[in-house]
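As numbered in this note's numbering, residues 506 to 665 make up the sequence shown, in order. By construction, the Cβ of each residue, glycine as well, lies at the ideal position given by its N, Cα and C atoms. Note that the structure is a prediction, hence the values are computed from the model and not measured.
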Amino acid sequence: MKTEKPMANHSTKIKKGDKAPDFKAKNQNGETVALKDFKGKKLVIYFYPKDNTPGCTMEACNLRDNYSLLLKKGYVILGVSADDQTKHVKFIEKYDLPFPLIADVDLSVIKAFDVWGTKKFMGKTYDGIIRTTFVIDEKGIIEKVITDVKTKNHTEQILE
């Protein structure tokens with residue numbers, strides 16, 4: 506009987522207190538979004554595998570449903586996946602998402618935040634986006650890294 510070696514979980518090397526990686530990418534409308542655009546604001550940048558999948562939809566809808574609370578607490582939300590602009594527009598329209606999504610098709614932002622790694626799902630091993638959220642303070646410093654994202658209660662994790 507062949508025993509399978511347990512897979513080491515990939516976890517970003519970025520940690521609390523680090524300077525957030527500088528990034529520049531296009532959102533769902535083709536507008537360029539950069540880290541510098543959020544100077545003076547608390548940014549929640551969340552990385553998720555794919556639009557319209559159950560976990561990713563749950564996470565986006567949890568952030569949508571708590572969006573006004575997050576805004577009141579001073580947070581700005583930005584989602585990132587490797588889906589293209591067309592898929593993001595459909596996802597935003599279907600679920601009435603009030604925040605922008607980065608179409609990181611070249612994986613530049615995903616790799617800058619070190620959230621690309623080997624995953625295992627239903628017996629298959631493949632490379633993909635590791636669901637991770639970063640809370641970045643007004644000066645561009647990582648305030649919190651959430652690697653064990655609870656899609657149904659993500660807002661609670663951000664605010665705790």
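Residue i versus residue j - alpha carbon distance
i, j, result
"T656", "N532", "22 Å"
"D556", "G522", "30 Å"
"A539", "D527", "7 Å"
"I582", "K629", "32 Å"
"T603", "L548", "Contrary to the premise, residue 603 reads as Pro rather than Thr in this sequence. Cα-Cα distance, rounded: 15 Å."
"T537", "G545", "18 Å"
"H593", "I635", "18 Å"
"M512", "K624", "Because the pLDDT of M512 is 43, which lies under 50, any placement of that residue in the model is unreliable, and the question is left without a value."
"K507", "G584", "For K507, the predicted structure reports a pLDDT of 40, less than 50, and the residue's modelled location is therefore unreliable. A value from the coordinates is still provided. Cα to Cα, the separation comes out at about 40 Å."
"K510", "D611", "Per-residue confidence for K510 stands at a pLDDT of 40, beneath the threshold of 50, marking its modelled position as unreliable; the derived number appears in the next sentence. Using only the alpha carbons, I get a separation of about 31 Å."
"D619", "S516", "8 Å"
"L575", "F626", "31 Å"
"F543", "K578", "15 Å"
"R569", "H659", "11 Å"
"N534", "G645", "24 Å"
"I597", "F639", "21 Å"
"M563", "L606", "15 Å"
"T558", "I647", "28 Å"
Nearest-angstrom beta carbon gap, residue j and residue i [assumed within contact, 8 Å]
i, j, result
"Y553", "S586", "5 Å"
"V654", "Q662", "7 Å"
"A525", "V614", "At roughly 11 Å, the Cβ-Cβ gap does not stay under 8 Å, so A525 and V614 are not in contact."
Continuous alpha helix (DSSP H) stretch holding residue i: start and end
i, result
"I663", "H659 to L664"
Residue i - containing beta strand (DSSP E), residue span
i, result
"V650", "I647 to I651"
"V640", "T637 to I641"
"T630", "K629 to I634"
8 Å Cβ cutoff met for residue i and residue j
i, j, result
"N641", "I519", "A small correction: the amino acid at residue 641 is Ile; Asn does not occupy that position in the sequence shown. Against a cut-off of 8 Å, the Cβ pair of I519 and I641 comes out as no contact."
"Y600", "C561", "no"
"A608", "D588", "yes"
- Quick one: which unbroken beta strand (DSSP E) runs of 3-plus residues sit fully inside the segment 592-621? Chain order, please. Entirely contained in the segment 592-621, the beta strand (DSSP E) runs reaching 3 residues are, in chain order, 606-608.
- Message: So within the segment 514-584, which uninterrupted alpha helix (DSSP H) runs reach at least 4 residues, ignoring any that extend past its ends?
- Response: DSSP runs (the alpha helix (DSSP H)) wholly in the segment 514-584: 559-570 and 572-577.
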